[in-house]
Amino acid sequence: MDNSLVYVLRKNVRQYAMLIALIVITIFFQIVTNGILLVPMNVTNLILQNAYVFILAIGMTITILTGGNIDLSVGSIVAFIGAICGSLIITMNFSVGVALVCALVLGILIGAWQGFWIAYVRIPAFIVTLAGMLVFRGLTVFMLKGLTINPFPESFQFISSGFLPDIPMGWLGNLHSSAIILGAVCVIFYVISQLKHHASQKRDGFNTISGTVLIVQIVLVSAFIMLFSVWLARYKGIPFIFLIIGVLVLLYAFFTTRTVPGRFIYAMGGNEKAAKLSGINTNQMLFLAYVNMGFLAAIAGIAYTARLNAASPQSGLNFELDAIAACFIGGASAYGGIGTVVGSIIGALVMGVLNNGMSILGIGSDVQQIVKGLVLLFAVAFDVLSKKKSG
Amino acid sequence: MESEPILEMDNITKQFPGVTALQNVSLTIKKGEIHALVGENGAGKSTLMNILGGIYPYGSYSGRIVFENIERRFRDVRDSEKVGISIIHQELALSPYLSIGENIFLGNERARNQIINWDRTYKEAKALLNLVGLNENPRVIVKDIGVGKQQLVEIAKALSRQVKLLVLDEPTASLNEGDSEHLLQLLLDLKKHGITSILISHKLNEIVEVADSITVLRDGKVIETFEKGIDKIDEDRIIKGMVGRELVDRFPKRTPKIGSVALEVRDWNVYDPTNLERQIIKNVNLKVRRGEIVGIAGLMGAGRTELAMSVFGKSYGAKVKGTLIKDGKEIHINNARQAIQHGLAYATEDRKNAGLNLIGDLKENISIAGLDKISRRLVINNDKEINLAESYRQRLNIRSLNVFQKVGDLSGGNQQKVVLSKWIFAEPDVLFLDEPTRGIDVGAKFEIYTIINQLANEGKAIVFISSELPEILGISDRIYVMNDGRIVGEFQGSDATQEKIMKCIMESAGRVNHG
């Protein structure tokens, strides 16, 4: 058992490698942009700009895990959901609440539609979602008659541009109290869960990490959370969308690593035949993975439309590629069975920081694309080569 | 007619890591004869033919191959084909979406300057088809014709290459009676045209019908060669030659405590899902009791795996019909999940492709069929899982660093123990073990037998499928013999011998063929 920690580390080596790469890239741009990259305002912007990638990458991780299945339609779904919100709220004067419920239900239905063809008719996901990409883009343009509609009411815009309200606390000075409070709450939850976990492992007779290592780990992570909270507090506090992303990441990370259906997804991605013979309904898992992707694409569509403050026929273009790239940069296997939600978020951050950093430097989007493409290629090449060496 | 040899294989020895597949095998094939090669699965027939065909290149074996009086050193299949040797394997090597004509001339196109002459292709293909007695348009796509006809296309392909020695590996195994007759007749016709054949077959009646000589292989050695007209062809002697292996004490002792019937399969019928006309399992009836190990013996393709998988939640087959009675009550199961819930387990023969998640670790593989036992409201208790996996690792003596190791990195024997752990953890009442010792070394085999005995002693019913007769005899309390989708015999473990079982298979093959 003594080696277990080493093994867990080795198993996730790819993720740690990418985390280190993220830190290196961040430091690099922090230096070359003369510290602009990490000013509180830019950090907040980075989150707001990339919100849709984070949300889509979570869903994409799960479809990829089921067996390397990607979803090419999510960009078009984002646009289509935007068009629905625009039509309902701006053209037809429905309330924002009704529109949001409709958008989410529609996302689920779209996911079920594509999931049906993929899981039960067994048409390759690539084909089904390529068709979806065309269909939903076409529907978007049709609904909007090719025009952009705006503006949305403020309550809708709040989703992507609002910040959590502050409770007045004089002693904090200019700092936004919402961020500080939330940060503190997170730290408390983190410390309690770590201590609980440690105690339960001890009770079950595991030689876990020693107390000192645990304390060092808790202190480091807590310090990072607080630092990040203070950083956001110095600008406008916690963006509402950040809260949503945070909840989604925690939820899906827990789902994939700790629950029975989460385990089924890894098992079927590793070997579908074996999973089937072990009593897993692989068709159903595949179907649900796409239903979930539709649901998350709807959330991303709402978030992006709110940020743009417009429903446009051209919105969401190439979003699917960002999400897919984030997953693969984050260590997902193109054949399924390997990958994590957190890894994909790190992948999305790597691309986000690259984008943002280069934009600050005034580097054009042409060069940005070249760099992003090469990062994707080298990240996966690193993966393939390191596996060859070890295996 | 005293004819000279066309092929002499002299003192061929071939070793694989850990096993000697062929040991000083010498084989002489005379020009113009049909020479049959018989032996159990794993006797070395296919290895010998793979050496002849250049699949195992010169240098990977020791010994000499003399073909038409010249020593040959084939480096690959092309080399052997060039001198006129064609091997038709059990799994046909045709490209399913190309036409018959395209397949016949694949790699040998009727072309000038890389441009194919289609008129010539199909004209010559038609002539070759006439030669093998296949009345089909050469433009028909290969996947649209039956296996029997595909076999003939393969032979036509060999003829197009001016074949002198034709090797057929179990050509009639998947053919019906009419097609088999036609094929054997064709071999006799080709013989008249001076083409020599080597026929690998399990069907003694066929062999006796067409072969001029018969060589018996066992455990990588030649046991005997019979010649028609000189030696008396004695079926019993052939069978004894095939199986006469010494039974050493390779099996752990056990005193069976047999209880009530755990599972009964009645009137079980299954069809091939890719070909609904073809019946794979024909009216099978069997039962297995608690604490009993029931062996199912049979040759490859007898339908044993298909039987077990179709019982295990219809995991194989189409039009599955029949009755399952578990502990006296009829049960209806339609998928693997329901099968597991009803206390069945099936450990596959194909552990790499269908048994394990090779990129997953030990604990994930062990727990996957019984996650409900270590989870509450769908949340897995990780600590429990690790403890559980560790206990199986120790109990089954799985040699790995820990439970976090990737299963793909383990040896075959240890992988097999992971498969067993998984199914033991699912806590079944009836376990189907399909070739559980395939491809693993003797030491690991003994460990696996011991585990199986323990399971039986705990009152589980075991169905043990194996192609190795000594193993079946060594471990089973009762033995069913399967052939061609039917149960063709049943023995008490104490009465059974290798000869009896092999005879049972051979005679039933004869019966089936003669109607």
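Residue numbers (the numbering used here), protein chains in the order written: chain A, 8 to 398; chain B, 9 to 523. Glycine included, every Cβ here is placed at the ideal spot set by N, Cα and C. Here the structure is a predicted model, which means the values were calculated and not measured.
CB contact check: residue i to chain D, cutoff 8 angstroms
i: B:I341; result: In summary, chain D is missing from the structure at hand, where the protein chains are A and B.
Element boundaries [alpha helix (DSSP H), containing residue i]
i: A:R241; result: G218 to R241
i: B:M490; result: That residue, B:M490, is in no alpha helix (DSSP H); its beta strand (DSSP E) goes R486 to N491.
i: B:W276; result: First-last for B:W276: V269 to D280, but that is the beta strand (DSSP E), not the alpha helix (DSSP H).
i: A:R270; result: V267 to G277
i: B:E285; result: From DSSP, B:E285 is part of no alpha helix (DSSP H) but of the beta strand (DSSP E) over N283 to R297.
i: A:T68; result: P47 to L72
i: A:I370; result: Here A:I370 belongs to no alpha helix (DSSP H), and DSSP marks it neither H nor E.
Cutoff 8 angstroms: residue i Cβ touching any chain A Cβ
i: B:N405; result: no
i: B:V46; result: no
i: B:A344; result: yes
i: B:G71; result: no
i: B:E338; result: no
i: B:S383; result: yes
i: B:D177; result: no
i: B:T282; result: no
i: B:T204; result: no
i: B:L255; result: Only weak support is given to the placement of B:L255: the predicted model assigns it a pLDDT of 48, under 50, and the value that follows is read from those uncertain coordinates. No, B:L255 lies away from the interface with chain A (no Cβ there is under 8 angstroms from its Cβ).
i: B:I348; result: yes
i: B:S323; result: yes
i: B:E232; result: no
Residue-level contact to chain B via CB, residue i, 8 angstroms cutoff
i: A:Y23; result: no
i: A:L284; result: yes
i: A:L381; result: no
i: A:V267; result: yes
i: A:N278; result: yes
i: A:Y273; result: yes
i: A:R270; result: yes
i: A:V387; result: no
i: A:L26; result: no
i: A:D173; result: no
i: A:Q208; result: yes
i: A:A260; result: no
i: A:I345; result: yes
i: A:D211; result: yes
Close beta carbons around residue i, own chain, < 8 angstroms, minus the five adjacent residues each side
i: B:N405; result: K425 and E455
i: A:I272; result: I69, L72, T73, T263, M292 and A296
i: B:L194; result: V140, G141, L160 and I163
i: B:L192; result: T180, E214, E217 and V218
Sequence-distant residues of its chain with Cβ nearer than 6 angstroms to residue i (five each side left out)
i: B:K265; result: G299
i: B:G303; result: F472, I480, S484 and I487
i: B:G109; result: T129, Y130, A133 and P146
i: B:L176; result: I96 and L207
i: A:I97; result: I156
Neighbour-count burial assignment, residue i, 16 or more Cβ in a 10 Å radius
i: A:T51; result: buried
i: B:H340; result: exposed
i: A:G42; result: exposed
i: B:V230; result: buried
i: B:M308; result: exposed
i: B:I460; result: buried
i: A:P158; result: exposed
Segment limits, beta strand (DSSP E) that includes residue i
i: B:D177; result: L173 to D177
i: B:L441; result: V438 to D442
i: B:V426; result: Here B:V426 belongs to no beta strand (DSSP E); instead the alpha helix (DSSP H) covers G420 to F433.
i: B:R494; result: R494 to Q500
i: B:F2; result: Nothing in the structure corresponds to residue 2 of chain B, since chain B is present only between 9 and 523.
i: B:Y354; result: L352 to A355
7 angstroms CB neighbourhood of residue i in its chain, flanking five on each side removed
i: A:A281; result: none
i: B:K165; result: N111 and I112
For this session: Would you check if the region 78–98 of chain A and the region 356–363 of chain A touch, i.e. whether three or more CB-CB distances between them fall below 8 angstroms?
Result: no
Exercise. Any contact of the region 419–439 of chain B with the region 357–376 of chain B, i.e. 3+ C-beta pairs under 8 angstroms?
Worked result: yes
Exercise. Per the contact definition of three or more C-beta pairs closer than 8 angstroms, is the region 382–392 of chain A in contact with the region 18–30 of chain B?
Worked result: no
Exercise. Within the chosen definition, does the region 157–174 of chain A reach the region 247–257 of chain A through at least 3 CB pairs nearer than 8 angstroms?
Worked result: yes
Exercise. Are the region 172–190 of chain A and the region 335–350 of chain A touching by the rule of at least three beta carbon pairs closer than 8 angstroms?
Worked result: no
Exercise. Is it true that the region 12–19 of chain B meets the region 34–51 of chain B, where meeting means three or more beta-carbon pairs spaced less than 8 angstroms apart?
Worked result: yes
For this session: Examine the Cβ distances between the region 496–506 of chain B and the region 326–344 of chain B and report whether three or more of them are shorter than 8 angstroms.
Result: no
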